Every structure is written in structure tokens, then in C-alpha cells.
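Chemist: Be aware that the sequence shown starts at 136, since it is given in the working numbering, and climbs by one per residue. All residues carry an ideal CB built from backbone N, CA and C; glycine is no exception. It should be emphasised that the depicted structure is a prediction, and the values quoted were computed from it without experimental measurement.
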Amino acid sequence: MEKKNECTYKKFHWILAIGFVILLAAAFKLGYYKSSYHDDYDAKYNRNIITVSGNSEIDTAPDKAEMYVAVTNEALAAKDAKDKNSETNNNIIDALIKQGLKKEDIETSSFTISPRYTWENDEKGNGKQVFKGYEVKHVLKVTTQTIDKVGEFLDAAVDAGANNVEQIRFGLTKEKEAEVKTEALYEAAKNAEEKAIVLATSLGVNLKKAVSIQETSFSYQPYYYDARSVEVSAMAKMESTPIVAPKSVEVKANVNVVFGMK
């Protein structure tokens, strides 16, 4: 009985050993297959390509200006401050329309009503907040393609009651931005091709046609006019405000291109 059990035990161990060897062989074969597969894949898809980035920078004349003019009023009652502010803004809009702008060129950028407090000390030197009324601020955004008349538009707004120029910026309309984007991407793609030719030539390989191309970025930076240089108090003393549009704004584009090679 003991011999029979011993034989069965040895037979079981042999089966385990053989099974283990078979598993090792299968794992080795699978690993070899994967390695061979990846080598073939790399040779076919990775080692016969060259990836380059291309970029372009184009200067183009702006065809749009945006002006942000504000009216700030104070009054003890919120309604009084709001009504006074509304009257002044209507005067500004009328004045701008008389200068040739359309009503749709003028819109509200922001509108706020906030309480005003000051810090005062009593006879004993104890400080406390004292309510002083309300402040209403209304910012108008004025958009125009007649960029050589920006100074005249600002003068009209200030003469009608605007007491702050928040911002002036020159940029591109959607139509011109789309037009310039096409040009910038074309130049970026040509730049990528030139880089690929240089690299392929230096390595002694032949460059084939592009197999893929991707736009990675496109942007342009509007020109911001320093609003401090158009202080409202100073504008009131001038016959006209000298706002000169910039000659150009910078447009940038970047692409990634994959070329075949042999």
C-alpha cells in the first residue's frame, strides 16, 4: 500500500514538472512572438518616419478696435445713483452714434452697484464704518473697424459724461483672423517641410510625402493701448485725443508633421 502511494506521489511530481516545462516553453515562445511582432511594427511604422514641428510668426495690420469707457456715479440712494448713471450712459451712446457708430457696436461690458463706507473715528478715538451711500459703475464696450477714429470716439464719450477709459485694444475681426490663420498655418507647414529636408539630407535618407499633419496651436496677441496715457482729466483739456493705431499685431501658428522616409 505504501509503495503504491509512493509511486502515485512520484507520478504526480513528474506531471507537475512536465507541465511547468511546457508552460515555460509557451511563455518563451509568446515572448519571442511579441518581441518579433514589435520589431516588425517598429521597422514598418516607426523607423521609416521622421516627425518635425513647424512654426510661423506673421505681422498683420489690425482691422478692429475695442474701447472700454466707464461712467461712475455716487448718491445716497441706490436708485438716484442708478438713474443718474443711466442718463449719462444714454448721452454717451447718442454721442457715439452721431459720430457714425451703430447701436450694435455698443454694449454693456459690466454693471455694478455697491455700497460705500468710510472709516471714521469718534471723539474717543474709536473707529467705525460709516455708510456714505451707493456707487454705480457702468462700463460700455465700443467696437469699431474705423480704427483711425478711435480718438474721436473717445472724445465724444468723455464730452458726453464718461469719466474713465478702462482699456483700448487693437485686434482682428473674425474674418481677418480666419484669413491670417490660413496663411500662418501654410507658413508653419512649409517650415516643417524645410526642417525635414535638412534632417533627411544630413542623415543620407530620402524624404517621402507627409503621412500626417496636426495643428498644435494658433494665437495672436492684440495690441493694448496704455489707458493711463488717456487720462480723462487730461483728455478734457485737449482739442482731440491722439490715439494712433499700431502698424501690426503678431500672429503665431505651430504644427506637427510626420513624413515618411526611405
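Measure the CB-CB distance between Trp254 and Gly262 and report whether it falls below 8 Å.
Modeler: Position 119 of the sequence shown, counted from the first residue, corresponds to residue 254. Position 127 of the sequence shown, counted from the first residue, corresponds to residue 262. Contact flag set, yes.
Chemist: Could you tell me the distance, in whole angstroms, from the CA atom of Val392 to the CA atom of Phe353?
Modeler: Reading the sequence shown from its first residue, position 257 is the one you call residue 392. Reading the sequence shown from its first residue, position 218 is the one you call residue 353. Roughly 15 Å between the two C-alpha positions.
Chemist: Name the one or two DSSP bridge partners that Thr308 has.
Modeler: As a position in the sequence shown, residue 308 is number 173, starting the count at 1. The partner list for Thr308 (beta bridge, DSSP) is empty, contrary to what the question assumes.
Chemist: By the 10 Å Cβ neighbour count, where 16 or more other Cβ atoms means buried, how is Pro197 classified, buried or exposed?
Modeler: Start at 1 with the first residue of the sequence shown, and residue 197 comes out as number 62. Buried is the call here.
Chemist: Can you tell me which of the three DSSP states Val285 falls into?
Modeler: For the purposes of this step, residue 285 is taken as residue 150 along the sequence shown, with counting starting at 1. Helix, per DSSP.
Chemist: Can you give me the Cβ contacts of Ile228 inside the same chain, cut-off strictly under 8 Å, excluding the 5 residues immediately before and after it?
Modeler: As a working note, residue 228 is residue 93 in the sequence shown. Excluding sequence neighbours, Ile228 sits near Lys238, Ile241 and Leu275.
Chemist: Using the Cα positions of Lys344 and Glu350, report the straight-line distance between them to the nearest angstrom.
Modeler: Sequence index remark: in the sequence shown, residue 344 carries index 209 (1-based). Sequence index remark: in the sequence shown, residue 350 carries index 215 (1-based). For Lys344 and Glu350, the distance between alpha carbons rounds to 18 Å.
Chemist: Taking all protein chains shown into account, decide if Thr223 is buried (16 or more other Cβ within 10 angstroms of its Cβ) or exposed.
Modeler: Walking along the sequence shown from the start, residue 223 turns up at place 88. So Thr223 counts as buried.
Chemist: Quick check on the burial criterion: 16 or more other C-beta atoms within 10 angstroms. Buried or exposed for Lys272?
Modeler: Stepping through the sequence shown from its first residue, residue 272 is reached at position 137. Looking at its Cβ environment, which holds 16 or more other Cβ atoms inside 10 Å, Lys272 is buried.
Chemist: Report the three-state DSSP secondary structure of Ala301 (helix, strand or coil).
Modeler: The residue given as residue 301 occupies position 166 in the sequence shown. Per the sequence presented here, residue 301 reads as Glu, with Ala not at that position. Of the three classes helix, strand and coil, the one that applies to Glu301 here is strand, per DSSP.
Chemist: When the distance is taken between beta carbons, is Phe288 closer than 8 Å to Met396?
Modeler: Within the sequence shown, residue 396 is the residue found at index 261, counting from 1. Within the sequence shown, residue 288 is the residue found at index 153, counting from 1. No. Outside cutoff.
Chemist: Where do the ends of the beta strand (DSSP E) carrying Ala213 lie?
Modeler: One-based indexing of the sequence shown puts residue 213 at position 78. First-last for Ala213: Ala213 to Lys233, but that is the alpha helix (DSSP H), not the beta strand (DSSP E).
Chemist: When burial is assigned at 16 or more other CB atoms within 10 Å of the CB, is Phe266 buried or exposed?
Modeler: To locate residue 266, count along the sequence shown from 1; it is residue 131. Exposed.
Chemist: Give the straight-line distance between the Cα atoms of Gly189 and Tyr321, rounded to the nearest whole angstrom.
Modeler: As a first step, residue 189 must be located in the sequence shown, where it is residue number 54. As a first step, residue 321 must be located in the sequence shown, where it is residue number 186. About 10 Å.
Chemist: Output the boundary residues of the beta strand (DSSP E) element that contains Ala210.
Modeler: As a first step, residue 210 must be located in the sequence shown, where it is residue number 75. Here the beta strand (DSSP E) through Ala210 covers Lys199 to Ala210.
Chemist: Under a Cβ-count criterion, where at least 16 other Cβ atoms within 10 Å of its own Cβ denotes burial, should Ile303 be classed as buried or exposed?
Modeler: To locate residue 303, count along the sequence shown from 1; it is residue 168. Classification of Ile303: buried, given that the 10 Å Cβ count is 16 or more.
Chemist: Report yes if the CB atom of Tyr360 is closer than 8 Å to the CB atom of Ile378, and no otherwise.
Modeler: For the purposes of this step, residue 360 is taken as the residue at position 225 of the sequence shown. For the purposes of this step, residue 378 is taken as the residue at position 243 of the sequence shown. Cβ distance < 8 Å, so Tyr360 and Ile378 count as in contact.
Chemist: Given this structure, state the Cα-to-Cα distance separating Lys199 from Ala380, to the nearest angstrom.
Modeler: Along the sequence shown, one-based indexing puts residue 199 at 64. Along the sequence shown, one-based indexing puts residue 380 at 245. In a straight line, the C-alpha of Lys199 is about 10 Å away from that of Ala380.
Chemist: Leaving aside the five residues before and after Tyr172 along the sequence, list all residues of the same chain whose C-beta is less than 8 Å from its C-beta, in chain order.
Modeler: Walking along the sequence shown from the start, residue 172 turns up at place 37. The pLDDT assigned to Tyr172 is 40, lower than 50, so where the model puts this residue is not dependable, and the model offers no usable value.
Chemist: Short of 8 Å in beta carbon distance, which residues of its chain neighbour Gln234, apart from the five on each side in sequence? Order them along the chain.
Modeler: Position 99 of the sequence shown holds residue 234. For Gln234, where only same-chain residues beyond five positions count, the Cβ hits under 8 Å are Lys284, Glu287, Phe288 and Ala291.
Chemist: Could you check what DSSP says for Leu236 in three-state terms: helix, strand or coil?
Modeler: Here the question's residue 236 lines up with position 101 in the sequence shown. Coil.
Chemist: Does Asn225 pass the burial test, meaning 16 or more other C-beta atoms within 10 Å, or should it be called exposed?
Modeler: Stepping through the sequence shown from its first residue, residue 225 is reached at position 90. So Asn225 counts as exposed.
Chemist: What ranges does the beta strand (DSSP E) occupy inside the region 317-370, keeping only unbroken runs of at least 3 residues that lie completely in it?
Modeler: Entirely contained in the region 317-370, the beta strand (DSSP E) runs reaching 3 residues are, in chain order, 342-356 and 358-360.
Chemist: Evaluate Tyr355 with the Cβ neighbour count: other Cβ atoms within 10 Å of its Cβ, from every protein chain shown; 16 or more gives buried, anything less gives exposed.
Modeler: Numbered from its first residue, the sequence shown carries residue 355 at position 220. Under this definition Tyr355 is a buried residue.
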